[in-house]
Structures are given as C-alpha cells and as structure tokens.
Amino acid sequence: MARPRAFDEGEVLDAALRCFWTRGYEATSVRDLASSMGLTGASLYNAFGDKRALYEKVLERYASHSMAERIRRLEAPDIAPRDAISSFFRETLERALDDPEMKGCFVVNAAVEMGPHDPELRAAALASLGEVEAFLTRRIEAGRADGTIQNRETAQELARMLLGVHLGLRVLARLRPGRELLEGVVKPALAALDPHVPG
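At position 167 of the sequence shown the residue is numbered 167 (the UniProt record's numbering), and the sequence of numbers has no breaks.
See below:
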C-alpha cells in the first residue's frame, strides 16, 4: 500500500512557483526547489517527476488559480463590460507596481523563456493567454450590446490589441516599473473603447 503524502500539495507547489518565478526555469536547480518546497530531492521526484514536469504543473496551477480566477471574478453579472476591462488592466498595473522583485506574469515569463524551444509549454502558455483574449472579446461584445463600447474594429481585433497591451505592460513592468509610464500605456488603450472616440 502506498504511503500517504506527508505534505500539502498546494503549499509545496506554491513554494515551487515562487522559486521558478523568482529565478526562472534555467537558473532554478532541483536543489533550490527541494529546499524551498521543504522536500528531499527523492521526495520531489517521487511526487512530481523531474524539474520540467514540476514546472508544467506549476504553470498549470498558476494559470487556473490566478489568471482564470481573475477572469471569472471580473465577469460577474454586476460588473459592467467596460468596467471589467478597466479593472483587469488596473489590477495588472497595481500588481506590477506592488512587486518589488519585478517578477512579472508567470505565464508571460514562461512564454518568453520556454516557448521558443518547448512546444508543450508554449501551448500551455498560449492557452492561458487565449483565455485572456477570449475574456476581452466577450466583454467587448457585451459592451457593444449595451452601447458603452463603440469602435469600427471587430471585437476580436480590439481584444487582440488589448492582449498586446497586456503583454507589453507585463514585460515593460519588469524593466521600468514606474506608475507614470505604465499608466501611460494603459490609458490610451482603454480610450480606444470609449464611445466618443471615433473608430
């Protein structure tokens, strides 16, 4: 009979996330991970496989617990479509400014570091970013329906533009995390959704 695990899986995965997030995949050793997770190297391998398998599990956890949760929360019926988009970017900006380590978004980091040479991780990162694009598309379509968003471009075109702004914001925040700069990126992007702005 297999022995039950003597640790909380969520807690140790969160510890692994912090380790990968701070150092990046390549610079993180199995020893670093085991130490931060409070496990022996053997226990880590037995529970999660090798470093690559653990990274994939951590990426999946981050995407489902962080990004997906934000989307679900901002699609609540009592949040107007235009307000949901504004809140998404406001939260992104504040998270960046409240991060003294300038870690950025774990999904974006994974896409940049691992995407070029790991097709499975690239697909996982793209799937998560695709959820962001789909959220923006749905909110734009809802804003069109209630008259709060007007523009000649299609909802998908506007959503892709905003996704590009989101990605640029996350990368820029790792290099120059100043409020004035980041707000200067977000403000004109959101203005493109305003009814008084010609398309």
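Using N, Cα and C, we set each Cβ at its ideal position, and we do this for glycine too.
Just verifying my parser: in three-state terms, what is the DSSP assignment at residue i?
{"i": "residue 4", "result": "Interpretation of residue 4 is limited by its pLDDT of 46, a score under 50 that renders its predicted location unreliable; the figure taken from the coordinates is listed afterwards. Coil at residue 4, not helix or strand."}
{"i": "residue 11", "result": "helix"}
{"i": "residue 29", "result": "coil"}
{"i": "residue 75", "result": "coil"}
{"i": "residue 182", "result": "helix"}
{"i": "residue 143", "result": "helix"}
{"i": "residue 24", "result": "coil"}
{"i": "residue 46", "result": "helix"}
{"i": "residue 93", "result": "helix"}
{"i": "residue 149", "result": "coil"}
{"i": "residue 41", "result": "helix"}
{"i": "residue 83", "result": "helix"}
Whole-angstrom Cβ separation of residue i and residue j, contact assumed at under 8 Å?
{"i": "residue 146", "j": "residue 81", "result": "7 Å"}
{"i": "residue 17", "j": "residue 61", "result": "7 Å"}
{"i": "residue 115", "j": "residue 174", "result": "Between residue 174 and residue 115 the Cβ distance is about 16 Å, and since that is not below 8 Å, they are no contact."}
{"i": "residue 172", "j": "residue 182", "result": "7 Å"}
{"i": "residue 30", "j": "residue 51", "result": "6 Å"}
Go through its chain and collect everything with a Cβ distance to residue i's Cβ below 6 Å, but skip five positions before and after it.
{"i": "residue 89", "result": "186"}
{"i": "residue 139", "result": "81, 84, 85"}
{"i": "residue 143", "result": "81, 82, 149"}
Apart from the five residues on each side of it in sequence, which residues of its chain come closer than 7 Å, Cβ to Cβ, to residue i?
{"i": "residue 179", "result": "97"}
{"i": "residue 131", "result": "67, 68, 71"}
{"i": "residue 108", "result": "167, 170, 171"}
> If you scan the segment 95-136 from start to end, which runs of the alpha helix (DSSP H) of 4 or more residues do you find wholly inside it?
Replying inline: If you keep only unbroken alpha helix (DSSP H) runs of at least 4 residues inside the segment 95-136, you get 106-113.
>> List, from N- to C-terminal side, the alpha helix (DSSP H) runs of 4 residues or more that fit wholly inside the segment 153-179.
In response: If we require 4 residues or more, the alpha helix (DSSP H) runs fully inside the segment 153-179 come out as 155-175.
> Quick one: any contact between the segment 116-128 and the segment 32-42, if contact means 3 or more CB pairs under 8 Å?
Replying inline: They do not touch, by the three-pair rule.
> Are the segment 66-81 and the segment 154-169 touching, with three or more C-beta to C-beta distances below 8 Å?
Replying inline: As far as the Cβ criterion goes, the segment 66-81 does not touch the segment 154-169, which means the pair count is below three.
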